[in-house]
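Engineer: Chains as they are written, first to last, in the working numbering: chain C, 21 to 471; chain V, 10 to 293; chain A, 171 to 594.
Built from N, CA and C at the ideal position, the CB exists for glycine as well.
Got a structure here, written out as structure tokens. Questions coming.
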Amino acid sequence: MIDEPDSPVREPRLKPYSPVRRDILKALGLNALALAGMMAGVAPRPGLAREPAAGGNVATAPVSDRTAEKQPFLGEHQAGVVTPRPACGMVASFDVLAQTPDELVRLFRTLTERTRFLMEGGTPPVRDPRFPPTDSGILGPVVIPDNLTVTVSVGSSLFDGRFGLGPFRPKYLERMTAFPNDALNADLCHGDLSIQLCANTADTTIHALRDIVKNLPDLLWLRWKQEGAVPVLPEVPDRPAESARNFLGFRDGSANPDANDTALMNRILWVQRGGEEPEWMAGGTYQAVRIIRNFVERWDRTPLREQERIFGRARDSGAPLDGGPGASEFDVPDFGRDPDGVHTPHDSHIRLANPRTPESETNLILRRPFNYSNGVTKSGQLDMGLLFICYQANLLNGFITVQRRLDGEPLEEYIKPVGGGYFFTLPGVRDENDFFARPLLAAAHLVPAAG
Amino acid sequence: MKKSLLSFAAATTLALGSLTLAAPSAPVLAQAAAAVSPLDLVAPVAEYKIYVTKATQQFVKDTKAFTDAVKAGDVEKAKALFAPTRVSYEQIEPIAELFSDLDAAIDSRADDHEKAEADPGFTGFHRIEYGLWEKNSTAELGPFADKLLADVEELHKRIAGLTFPPEKVVGGAAVLMEEVAATKISGEEDRYSHTDLWDFQGNFDGSRKIFDLFRPLLPKDDGEFVKKVEGNFNRVDVILAKYKEGNGFQSYEKLTDADRNVLAGAVNTLAEDLSTLRGKLGLD
Amino acid sequence: MVPVDAGAPRAVRRLRIAGLNKVIFIMASPQDNAGREKAAPPSSRLARLAVAGAVVLVIAGGAVFYLASRKTPQPAPDDAITVTITGKTCDPNELTVPAGRRTFRIVNNSDRTVEWEILDGVMVVEERENIAPGFSSTLTARLDTGTFQITCGLLSNPRGTLTVTPSADAGNAARPALTAFIGPLAEYRVYLALESGALTSATADLAAAVRDGDLARARALYVPARALYRHIEPAAQRFVDLDAAISARADYLEKREADPAFTGFHRLEYGLFAQGDLAGLTPVAERLLADVTTLEERLGALQLPPERMADGARTLLTRWAGSIASEGEERYSGTDIDSLAATLAGAGKVIGLLQPLVAKADPALATETQAKLDAAVARIDGLRGPQGYARLGDVGREDRAAIAASLQALADATGKLNASIGLE
């Protein structure tokens, strides 16, 4: 529920298509002509699928023309961090069961292999039907990529005495400790390894999780998982893409740092070589995950003005409270002109999260949240909230500092963080011979250094 | 006879060949159904029936002693007999659970019932466990003890008359591990007494028995599989041995997270690997 | 190797037992062999018995004719392989056939009633018994690749060879899913293990009583031990050597009760009930104990083909149907009804194990078989009094005929089971 570690990039995103779309088209091997044709036509809505054409049965599957979308697996950084957030996401946290360095290597090699297949898609091996099938089959006989990203991160506990990784622990990676408003449930916290799965549809993330669980039963044990989704919006011509709303009805993600700004990302997001961190971390980033329950019934019984003052934004437009008529979420609040908090209260969420001072520039984080809805609590209330995920090059300066500023905010009456953890997202897999965590394992001499 | 069995297997392989041709684009795993004659399965299935029969006889005997203690109001003795009595049942669970009415009556847990501990349908071992540990008393347990003994005797009778379905026998090795993985590793099975490690031992023994009985039928080139499965059983043995106490085990609460993780990994991997046993032996 | 029909001519059984002796010869000690060679002529007492036996044979011969006339001979299919048995040999005596279902037409041109068997070592693969002189019989067997021996007339005749070559139509592919039989076969294996284990210990008790010279106890222990053998006989009869040693009757031995090959249960029965004398029985009892122990081991390793279950039961029921109406099978003790009840229990076990499969394939046959079984059991139960089953001698001719009919009806129904579940 952290908002507003604002990007210094101010201009509205009025580009006719996102660079990501371009990447997708490239990945699909479409030429310029096709691209032009596609842009001229009705662009597919992001995320969810349409109902099938007329004549379908009630139970006919919804259709989508985005199932072939795929994100590149190889690269300096892992996919799923600056990749535009698709409709569905999940974080799964595991205990690593490997007992020996060799098993740890096998874990990362297998994870690499599975990720490569899952993000690329294809036909799983067929087996004699008297055996359990190799694939769950929930996506059909051919696994579609469906824009899947699999992002692998490691927790501080992996750097305990088991594998001799202690000396190579990321400097700021620690076991998440409770903030004052937290009510952490041990069953929903921490882990040796986290996997963030994002895709156009929830089925694709579930398929990927099941594949990983099935292929690594002796090396990974699931601790917890949380799925989420973001609402799909209509595309409005000539208007910048809007941020999705959370379950409190407010836009979440307004003024996220621009992931297309490489220089900015290298400063706030990606760990750089030659800094204070171990070399192996270059190209990775810190991941903070928080499962934040929202008390939505109570929120819905709160006057709108109070809601807006708690957030510091107008609910419907997302505009800052000091914005005039017609202001949007892309307008930037000027707290300097509101020293007494007349428009935007000092304890409002956005003002605490990002006071927009020169100092707070070092606290920028890249948010990637999803909304979750799990069922009903024992009190008969809806168990729903925010699967908060953010990335930063320095966990202390990033999430931890921002959250400390938020401690005691009025919003706390409506939210309750119950789980999550801190992880370090491994550098990308660079080529066919590389695999997850290879730089770390090489640094610890568990595998030979890459040639 | 041998030769004809081989040709039978060859015919099976042929049929599978045409089956895989139906999906030409998919990579085909070399792992086809094993060249095992169904008739080769007769002896181990029979051996398994004898194993189950002996375990059931033991179970009846132990249950009698346990329920006698309950009825005599001897809380301490009943507590001491609770876990060891259950071991035989846990060993033969793949067969015992074929009789779902008895399984529910003998071994269901409070959360299997709408009103939990207060539910009149909550009977059997865990109902008595609840009384012994939560209430530290045998009061009102008499009828449950009578019913338990009657149910166990009925189970014995039904097992004696049962022709064991081979796929249930072979599949039982994995089923036992699935049981542990799904509902026992959490310690929710014996939640009042925390005697879960006894149950584990029974489940592992039962699973390993099946594996050992059918292992000689596995293809000669399946050594890696055998080694892996045995390795995981051995891992489990090592962990369980750490918690041995007298003739039994320490409380499940004593299990460290690290050891539980080793157990969990071994159990899940055994479940995954043993799930291929039926296919390897050519059983649907 | 329990005699099929009371009326089977002596020569046939002699042949058969003599053939078995060849096997036994290998396994038996030199003394046994020497003893056989030096067998004394029958005593006058035995001669009297032989006369009585001849009278019985006349009656039994009628029964055979009766049974034979009831069976309409099945015409042999066109592709049947004809084997002609003459006094000295079989023509042909060397056969080569492709694997699969093969039908043989056996023509008996000799002057003795004969049987024709396909043997795999000591195991009977298929047999056709009681082929009367001048008659022919057909036999259909599912043959697997391999080399087999065939018995061919008299012992002095050389055994023939049957070579089964691999073939495309071996029929294995068309065989029903064998997995369906794993359960029943395993259950039967358990039954055989338990019953043969019980047989070994019951025989040990019996041997102990004989050794102790306790005639009354030995008599009392004979019946339950014999019953246990009857339970497992559908499978045990496959071992021709052991079956002969354990259960052969004197009728079929050259020197009858005086024949050194007269061993096993009937030899004990003869001593315990006919002679009322334990003299010389200790080695017989110990030999029997050794044989049933071997049998237990062999059954433990036996991989019974599924069709053997019903086949074995049917064979025994048919034999009883023939013998019960005449002199019976436990002639010294008169405990035939006890013995028959045990056979029915053993056959009932087999039928019960196959019933779930039959009920799916041919519900009417399942019902019919069960009804016939129940009827046969009911008839036997009717002969049970406070002292146990009646002695055969106390059962009237009409009752015996009715029992024979009920057994034949059950045998006929049992004979259809295999075909109904795709095992023929």
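So, is C/Leu324 buried or exposed, given that buried needs 16 or more other C-beta atoms within 10 angstroms?
Structural biologist: Label assigned to C/Leu324: exposed.
Engineer: Less than 7 Å between the C-beta atoms of C/Cys410 and C/Arg387, yes or no?
Structural biologist: Yes, the pair counts as a contact, with Cβ atoms nearer than the cut-off.
Engineer: Determine the closest residue to V/Asn256 out of V/Pro93, V/Glu149, V/Thr147, with distance taken between C-alpha atoms.
Structural biologist: Answer by Cα proximity: V/Pro93.
Engineer: In chain V, which residues lie with their C-beta within 8 Å of the C-beta of C/Lys234?
Structural biologist: Under the 8 Å cutoff, chain V gives Glu281.
Engineer: Could you check the C-alpha separation between A/Arg457 and A/Thr433 for me, to the nearest Å?
Structural biologist: Distance between the alpha carbons of A/Arg457 and A/Thr433: 8 Å.
Engineer: Which whole-angstrom value is the C-beta distance of A/Ala480 and A/Val454, which I expect to be below 8 Å?
Structural biologist: With 8 Å as the limit, A/Ala480 and A/Val454 do not qualify as a contact, their Cβ atoms being about 33 Å apart.
Engineer: Give the straight-line distance between the Cα atoms of C/Pro260 and C/Gly269, rounded to the nearest whole angstrom.
Structural biologist: Their backbone Cα atoms lie some 19 Å apart in a straight line.
Engineer: For chain V, find out if any of its Cβ atoms is closer than 7 Å to the Cβ of A/Arg359; answer yes or no.
Structural biologist: With 7 Å as the cut-off, A/Arg359 counts as an interface residue toward chain V.
Engineer: Looking at the structure shown, is C/Thr445 part of a helix, part of a strand, or coil, going by DSSP?
Structural biologist: Reduced to three states, the DSSP call for C/Thr445 is strand.
Engineer: Examine chain V for any beta-carbon lying closer than 7 Å to the beta-carbon of A/Thr349, and answer yes or no.
Structural biologist: At least one chain V Cβ lies under 7 Å of A/Thr349.
Engineer: If you draw a straight line from the alpha carbon of V/Leu264 to that of C/Gly303, how long is it in whole angstroms?
Structural biologist: If I take the Cα positions, the gap works out to 39 Å.
Engineer: Between A/Gln407 and the rest of its own chain, which residues show a CB-CB distance below 6 Å, the 5 nearest in sequence each way excluded?
Structural biologist: Asp413.
Engineer: Buried or exposed for C/Ser70, please, with buried defined as at least 16 other CB atoms from any protein chain shown within 10 angstroms of its CB.
Structural biologist: Residue 70 of chain C is actually Arg in this sequence, not Ser. It counts as exposed.
Engineer: So is C/Trp244 in contact with chain V if we call contact Cβ pairs under 7 Å?
Structural biologist: Closer than 7 Å: no.
Engineer: I'd like the list of long-range same chain contacts for C/Arg313, defined as Cβ closer than 6 Å, with 5 residues on each side in sequence excluded.
Structural biologist: Around C/Arg313: Gly405, Lys436, Val438.
Engineer: For the alpha helix (DSSP H) that A/Arg271 lies in, which residues bound it at each end?
Structural biologist: Unbroken run through A/Arg271 is the beta strand (DSSP E), 270 to 278; no alpha helix (DSSP H).
Engineer: Looking at the secondary structure, which residues open and close the alpha helix (DSSP H) in which A/Ser576 lies?
Structural biologist: First-last of the alpha helix (DSSP H) with A/Ser576: 567 to 590.
Engineer: Using a cut-off of 8 Å between C-beta atoms, extract the partners of C/Arg150 located in chain E.
Structural biologist: Going by chain labels, chain E is absent from the structure shown, which instead holds the protein chains C, V and A.
Engineer: Could you spell out the range, first to last residue, of the beta strand (DSSP E) harbouring A/Phe305?
Structural biologist: From DSSP, A/Phe305 is part of no beta strand (DSSP E); its letter is neither H nor E.
Engineer: Tell me which residues share the same chain as C/Phe355 and place their Cβ nearer than 7 Å to its Cβ, disregarding the 5 neighbours each side in the sequence.
Structural biologist: So the qualifying residues of the chain are Thr364, Arg371, Pro375, Arg376.
Engineer: To the nearest angstrom, report how far apart C/Asp476 and C/His369 are at their CA atoms.
Structural biologist: Since the displayed chain C opens at 21 and closes at 471, residue 476 of chain C lies outside it and no answer follows.
Engineer: When you compare only the Cα positions, how much space is there between V/Lys156 and V/Gly133?
Structural biologist: Roughly 7 Å separates the two Cα atoms.
Engineer: Inspect the beta-carbon positions of C/Thr479 and C/Phe390 and report whether they are closer than 7 Å.
Structural biologist: There is simply no residue 479 of chain C to check, as chain C begins at 21 and stops at 471 in what is shown.
Engineer: What separation, rounded to the nearest whole angstrom, lies between the Cα atoms of A/Ala545 and A/Leu438?
Structural biologist: Whole-angstrom Cα-Cα distance: 32 Å.
Engineer: Alpha carbon to alpha carbon, how far is A/Ala583 from A/Ser493?
Structural biologist: Roughly 19 Å separates the two Cα atoms.
Engineer: What three-state label does DSSP hand C/Leu300 in the structure shown?
Structural biologist: Sequence inspection shows Trp at residue 300 of chain C; the Leu mentioned does not correspond to that position. Helix.
Engineer: For the stretch 446 to 453 of chain C against the stretch 293 to 308 of chain C, are there 3 or more C-beta pairs whose distance is under 8 Å?
Structural biologist: Cβ pair count under 8 Å is three or more, so yes.
Engineer: Does V/Gly140 come out as helix, strand or coil in the three-state DSSP assignment?
Structural biologist: DSSP places V/Gly140 in helix when its eight states are reduced to three.
Engineer: Return the Cβ separation of A/Ala511 and A/Ile573 in integer angstroms, given the expectation that the two are a contact with Cβ distance under 8 Å.
Structural biologist: At roughly 11 Å, the Cβ-Cβ gap does not stay under 8 Å, so A/Ala511 and A/Ile573 are not in contact.
Engineer: Output, in chain order, the set of chain A residues within a Cβ distance shorter than 7 Å of V/Val61.
Structural biologist: The premise fails here: V/Val61 is roughly 10 Å from chain A at the closest Cβ pair, so nothing lies under 7 Å.
Engineer: Give me the DSSP bridge partner(s) of A/Val267.
Structural biologist: Note: A/Val267 sits in a beta bridge opposite A/Val334.
Engineer: Using a Cβ cut-off of 8 Å, pull out every chain C residue sitting near V/Asn256, in sequence order please.
Structural biologist: What V/Asn256 touches in chain C: nothing, since even the nearest Cβ is about 29 Å away.
Engineer: Give the residues from the stretch 145 to 174 of chain V that approach chain A closer than 9 Å (Cβ to any Cβ), ordered along the chain.
Structural biologist: Going along the stretch 145 to 174 of chain V in chain order, one finds Leu171, Thr172, Phe173, Pro174 with a Cβ nearer than 9 Å to chain A.
Engineer: Closer than 8 Å by beta-carbon distance: list the chain V residues that pair up with C/Trp241, in chain order.
Structural biologist: The contacting residues are Asn270, Ala273, Gly274, Asn277.
Engineer: Pick helix, strand or coil for C/Thr169, following the three-state DSSP scheme.
Structural biologist: Three-state DSSP puts C/Thr169 in a strand.
Engineer: Return helix, strand or coil for C/Gln412, following the three-state DSSP convention.
Structural biologist: Looking at C/Gln412 - three-state DSSP - the assignment turns out to be strand.
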